[in-house]
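Numbering (our numbering), first residue to last: -2 to 198.
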(Lines of atoms letter the chains of each structure in order from A and count residues from 1; the text may use other names and numbers.)
(Lines give C-alpha, C1' and ligand atoms only; values in the text may rest on other atoms or scores of the structure.)
Protein backbone atom coordinates (compact mmCIF):
# COMPACT_ATOMS: atom_id res chain seq x y z
CA UNK A 1 0.00 0.00 0.00
CA UNK A 2 1.43 3.40 -0.99
CA UNK A 3 1.83 5.96 1.76
CA UNK A 4 0.94 9.59 1.10
CA UNK A 5 2.42 12.17 3.43
CA UNK A 6 0.55 15.36 4.25
CA UNK A 7 2.02 18.61 5.46
CA UNK A 8 -0.69 20.63 7.18
CA UNK A 9 -1.52 23.07 9.94
CA UNK A 10 -1.79 21.75 13.48
CA UNK A 11 -3.37 24.96 14.81
CA UNK A 12 -6.95 24.56 16.08
CA UNK A 13 -7.78 28.20 15.25
CA UNK A 14 -8.72 27.56 11.62
CA UNK A 15 -11.82 28.32 9.56
CA UNK A 16 -14.17 25.34 9.37
CA UNK A 17 -13.97 25.27 5.56
CA UNK A 18 -10.32 24.18 5.78
CA UNK A 19 -11.15 21.52 8.36
CA UNK A 20 -13.93 20.15 6.15
CA UNK A 21 -11.67 20.03 3.08
CA UNK A 22 -8.91 18.25 5.02
CA UNK A 23 -11.37 15.62 6.25
CA UNK A 24 -12.66 15.21 2.70
CA UNK A 25 -9.13 14.73 1.40
CA UNK A 26 -8.53 12.09 4.09
CA UNK A 27 -11.63 10.21 3.00
CA UNK A 28 -10.46 10.39 -0.62
CA UNK A 29 -7.07 8.96 0.34
CA UNK A 30 -8.64 5.99 2.09
CA UNK A 31 -11.14 5.39 -0.71
CA UNK A 32 -8.27 5.17 -3.20
CA UNK A 33 -6.35 2.74 -1.00
CA UNK A 34 -3.61 5.07 0.19
CA UNK A 35 -2.13 4.99 3.69
CA UNK A 36 -1.77 8.35 5.45
CA UNK A 37 1.67 9.36 6.71
CA UNK A 38 1.41 12.47 8.89
CA UNK A 39 2.78 14.32 11.86
CA UNK A 40 0.67 12.39 14.35
CA UNK A 41 -1.27 15.30 15.83
CA UNK A 42 -4.99 15.36 16.60
CA UNK A 43 -5.67 19.07 16.03
CA UNK A 44 -5.93 21.36 13.03
CA UNK A 45 -5.88 20.10 9.46
CA UNK A 46 -3.46 17.36 10.47
CA UNK A 47 -6.03 15.79 12.77
CA UNK A 48 -8.91 16.50 10.39
CA UNK A 49 -7.24 14.59 7.57
CA UNK A 50 -6.49 11.67 9.90
CA UNK A 51 -10.12 11.58 11.02
CA UNK A 52 -11.20 11.45 7.39
CA UNK A 53 -8.95 8.47 6.71
CA UNK A 54 -10.04 6.74 9.92
CA UNK A 55 -13.74 7.25 9.10
CA UNK A 56 -13.26 5.19 5.93
CA UNK A 57 -11.29 2.43 7.62
CA UNK A 58 -7.97 3.60 6.18
CA UNK A 59 -4.54 3.21 7.73
CA UNK A 60 -2.89 6.14 9.51
CA UNK A 61 0.79 6.27 10.44
CA UNK A 62 1.70 9.09 12.80
CA UNK A 63 5.28 10.28 13.16
CA UNK A 64 5.77 12.47 16.20
CA UNK A 65 8.86 13.74 18.06
CA UNK A 66 9.35 12.84 21.72
CA UNK A 67 8.74 16.44 22.81
CA UNK A 68 5.23 16.42 21.33
CA UNK A 69 4.29 12.90 22.42
CA UNK A 70 2.28 14.17 25.37
CA UNK A 71 -1.31 13.45 26.47
CA UNK A 72 -3.84 15.29 24.32
CA UNK A 73 -1.50 15.94 21.39
CA UNK A 74 -1.31 12.67 19.36
CA UNK A 75 -4.20 11.46 17.20
CA UNK A 76 -5.78 8.72 19.29
CA UNK A 77 -6.74 6.35 16.45
CA UNK A 78 -3.41 5.94 14.67
CA UNK A 79 -2.86 2.50 13.17
CA UNK A 80 0.81 3.00 14.03
CA UNK A 81 2.61 5.74 15.95
CA UNK A 82 6.33 6.25 15.43
CA UNK A 83 8.09 8.38 18.04
CA UNK A 84 11.27 10.11 16.88
CA UNK A 85 14.10 11.81 18.70
CA UNK A 86 13.51 15.22 17.15
CA UNK A 87 11.96 17.14 14.24
CA UNK A 88 14.81 16.30 11.89
CA UNK A 89 14.33 12.56 12.41
CA UNK A 90 10.57 13.02 12.12
CA UNK A 91 10.85 14.56 8.65
CA UNK A 92 13.37 11.97 7.50
CA UNK A 93 11.06 9.17 8.65
CA UNK A 94 8.03 10.66 6.92
CA UNK A 95 10.01 11.09 3.71
CA UNK A 96 11.29 7.51 3.86
CA UNK A 97 7.81 6.04 4.35
CA UNK A 98 6.06 8.10 1.68
CA UNK A 99 5.45 7.63 -2.03
CA UNK A 100 3.97 11.11 -2.47
CA UNK A 101 3.41 14.39 -0.64
CA UNK A 102 0.46 16.76 -0.38
CA UNK A 103 0.73 20.21 1.19
CA UNK A 104 -2.52 21.42 2.70
CA UNK A 105 -2.92 24.97 4.05
CA UNK A 106 -0.53 25.58 6.91
CA UNK A 107 1.99 27.86 8.54
CA UNK A 108 5.77 28.06 8.86
CA UNK A 109 6.26 24.37 9.66
CA UNK A 110 4.15 23.30 6.70
CA UNK A 111 6.09 25.57 4.35
CA UNK A 112 9.42 24.30 5.69
CA UNK A 113 8.39 20.70 5.04
CA UNK A 114 7.23 21.55 1.52
CA UNK A 115 10.51 23.29 0.69
CA UNK A 116 12.52 20.32 1.93
CA UNK A 117 10.77 17.77 -0.30
CA UNK A 118 10.97 20.10 -3.30
CA UNK A 119 14.72 20.39 -2.73
CA UNK A 120 15.10 16.62 -2.30
CA UNK A 121 13.19 16.07 -5.54
CA UNK A 122 15.29 18.67 -7.34
CA UNK A 123 18.55 17.02 -6.27
CA UNK A 124 17.33 13.50 -6.99
CA UNK A 125 17.28 12.20 -3.42
CA UNK A 126 13.61 11.31 -3.83
CA UNK A 127 11.40 10.74 -6.87
CA UNK A 128 7.85 11.45 -5.77
CA UNK A 129 4.85 13.61 -6.63
CA UNK A 130 4.41 16.81 -4.63
CA UNK A 131 0.95 18.37 -4.73
CA UNK A 132 0.09 21.81 -3.37
CA UNK A 133 -3.57 21.87 -2.32
CA UNK A 134 -4.42 25.47 -3.15
CA UNK A 135 -7.83 25.64 -1.53
CA UNK A 136 -9.64 28.91 -2.32
CA UNK A 137 -6.38 30.43 -3.53
CA UNK A 138 -4.64 29.95 -0.16
CA UNK A 139 -1.25 29.47 -1.83
CA UNK A 140 -1.65 31.98 -4.68
CA UNK A 141 1.04 34.26 -3.24
CA UNK A 142 3.46 31.37 -2.77
CA UNK A 143 2.92 30.19 -6.33
CA UNK A 144 3.49 33.74 -7.58
CA UNK A 145 6.75 33.84 -5.62
CA UNK A 146 7.91 30.61 -7.28
CA UNK A 147 7.19 32.21 -10.67
CA UNK A 148 9.14 35.30 -9.64
CA UNK A 149 12.13 33.18 -8.57
CA UNK A 150 12.17 31.43 -11.94
CA UNK A 151 11.83 34.66 -13.92
CA UNK A 152 14.69 36.25 -11.97
CA UNK A 153 16.96 33.25 -12.54
CA UNK A 154 17.10 32.07 -8.93
CA UNK A 155 15.63 28.72 -9.91
CA UNK A 156 15.38 26.87 -13.21
CA UNK A 157 12.02 27.18 -14.95
CA UNK A 158 11.87 23.38 -15.06
CA UNK A 159 11.74 23.42 -11.25
CA UNK A 160 8.19 24.71 -11.55
CA UNK A 161 7.40 21.15 -12.63
CA UNK A 162 8.60 19.79 -9.28
CA UNK A 163 5.07 20.21 -7.97
CA UNK A 164 1.51 20.26 -9.22
CA UNK A 165 -1.39 22.32 -7.93
CA UNK A 166 -4.87 21.11 -7.01
CA UNK A 167 -7.96 23.08 -6.00
CA UNK A 168 -10.03 20.19 -4.61
CA UNK A 169 -9.37 16.95 -2.71
CA UNK A 170 -10.38 14.92 -5.77
CA UNK A 171 -8.00 16.83 -8.02
CA UNK A 172 -5.17 16.29 -5.54
CA UNK A 173 -5.72 12.53 -5.78
CA UNK A 174 -5.73 12.75 -9.58
CA UNK A 175 -2.41 14.61 -9.51
CA UNK A 176 -0.87 11.94 -7.28
CA UNK A 177 -2.05 9.11 -9.51
CA UNK A 178 -1.03 10.87 -12.73
CA UNK A 179 2.45 11.87 -11.54
CA UNK A 180 5.13 12.26 -14.19
CA UNK A 181 8.64 13.16 -13.11
CA UNK A 182 9.96 16.49 -14.37
CA UNK A 183 13.06 16.41 -16.56
CA UNK A 184 15.34 18.63 -14.54
CA UNK A 185 18.87 19.82 -15.23
CA UNK A 186 21.52 18.07 -13.15
CA UNK A 187 22.58 20.75 -10.67
CA UNK A 188 25.66 18.80 -9.57
CA UNK A 189 26.93 18.33 -13.13
CA UNK A 190 26.24 22.00 -13.86
CA UNK A 191 28.24 23.03 -10.79
CA UNK A 192 31.18 20.80 -11.75
CA UNK A 193 31.11 22.06 -15.33
CA UNK A 194 31.06 25.66 -14.13
CA UNK A 195 34.02 25.01 -11.85
CA UNK A 196 36.00 23.37 -14.66
CA UNK A 197 35.27 26.24 -17.04
CA UNK A 198 36.28 28.77 -14.40
CA UNK A 199 39.50 26.88 -13.65
CA UNK A 200 40.34 26.60 -17.35
CA UNK A 201 39.79 30.31 -17.82
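Idealized CB from N, CA, C, for every residue including glycine.
Inter-stretch contact (C-beta, 8 Å, three-pair minimum) for the region 79 to 89 and the region 51 to 64: yes
What are the boundary residues of the beta strand (DSSP E) that includes residue 57? For this step, residue 57 is matched to residue 60 along the chain shown. That run of the beta strand (DSSP E) goes 57 to 62.
Residues that residue 161 bridges to, as DSSP identifies them: Working through the chain shown from its first residue, we reach residue 161 at position 164. For residue 161, which the question treats as bridged, DSSP gives the partners 128.
Where residue 248 sits in the DSSP three-state scheme: This structure leaves residue 248 out entirely; the chain is present only between -2 and 198.
Go through its chain and collect everything with a Cβ distance to residue 51's Cβ below 7 Å, but skip five positions before and after it. What you label residue 51 is simply residue 54 of the chain shown in a count that begins at 1. The residues are 57, 74.
Are the CB atoms of residue 91 and residue 2 nearer to each other than 8 Å? Within the chain shown, the letter at position 94 stands for residue 91. Within the chain shown, the letter at position 5 stands for residue 2. The answer is yes: Cβ separation under 8 Å.
For residue 3, which of helix, strand or coil comes out of DSSP? The residue you call residue 3 lines up with position 6 of the chain shown. Of the three classes helix, strand and coil, the one that applies to residue 3 here is strand, per DSSP.
In angstroms, rounded to a whole number, what distance separates the CA positions of residue 11 and residue 41? Sequence index remark: in the chain shown, residue 11 carries index 14 (1-based). Sequence index remark: in the chain shown, residue 41 carries index 44 (1-based). Those two C-alpha atoms are separated by around 7 Å.
Suppose contacts are defined by Cβ-Cβ distances below 8 Å. Is residue 130 in contact with residue 100 by that definition? Indexing the chain shown from 1 puts residue 130 at position 133. Indexing the chain shown from 1 puts residue 100 at position 103. Yes; because the gap between Cβ atoms is below 8 Å, this pair is in contact.
Taking C-beta to C-beta, are residue 166 and residue 21 nearer than 8 Å? As a first step, residue 166 must be located in the chain shown, where it is residue number 169. As a first step, residue 21 must be located in the chain shown, where it is residue number 24. Yes, they are a contact pair.
Buried versus exposed call for residue 43 [16 or more other C-beta atoms within 10 Å across all chains shown]: Position 46 of the chain shown, counting from 1, holds the residue named residue 43. The residue in question, residue 43, is buried, as its Cβ has 16 or more Cβ neighbours within 10 Å.
Could you check what DSSP says for residue 143 in three-state terms: helix, strand or coil? In the chain shown, residue 143 corresponds to position 146, counting from 1. Helix at residue 143.
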